[in-house]
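These notes concern the structure reproduced below.
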Amino acid sequence: MDEMKHAEKHISRIIFLEERPVVSELNKIHIGDAVEAFHKNDWEAESGAIIAYNDAIKLAVEVGDNGTREMLESILKDEESHIDWIEAQLAQIKQMGIQVYLSEQIS
82 MDEMKHAEKH ISRIIFLEER PVVSELNKIH IGDAVEAFHK NDWEAESGAI IAYNDAIKLA
142 VEVGDNGTRE MLESILKDEE SHIDWIEAQL AQIKQMGIQV YLSEQIS
């Protein structure tokens with residue numbers, strides 16, 4: 082849901098800047114065949130997003146687009162929170178094992 086909200090913010094900003102958003106070119110999604118692989122793939126995607134947002138923020142500063150900079154910084158904070166959550170999940174799996182971790186998720 083967070084990623085959908087981020088996409089909505091991007092689309093709104095692009096339209097505000099009187100451009101046309103391209104929503105047909107999406108990044109490939111890597112899910113994984115096990116819970117740990119799912120989290121590791123998600124970490125990779127979030128990590129790549131953080132790099133991209135930092136680069137975009139630098140560009141927004143260079144061109145003096147503070148509205149876009151503020152939007153990107155807000156999304157960047159969300160992405161960093163996602164990374165923290167994923168790392169916590171991976172640490173729990175490592176500490177308690179996958180079976181106990183999974184049983185904790187359903188209780």
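Reminder that position 99 of the sequence shown reads as 180 in the numbering used here, one-by-one numbering, no gaps.
Note that beta-carbon positions come from the ideal geometry of N, C-alpha and C, so glycine has one too.
**Request:** Indicate the three-state DSSP secondary structure (helix, strand or coil) for Asn147 in the structure shown.
**Result:** helix
**Request:** Please state whether DSSP places Glu185 in a helix, a strand or coil.
**Result:** helix
**Prompt:** Taking C-beta to C-beta, are Ile174 and Glu117 nearer than 8 Å?
**Reply:** In contact: Ile174 and Glu117 (Cβ atoms closer than 8 Å).
**Prompt:** Roughly how many angstroms lie between the CA atoms of Ser184 and Asp83, to the nearest whole one?
**Reply:** 25 Å
**Request:** Only counting runs of 4 or more residues, tell me where the alpha helix (DSSP H) segments fall wholly within the segment 92-161, in order along the chain.
**Result:** 116-144
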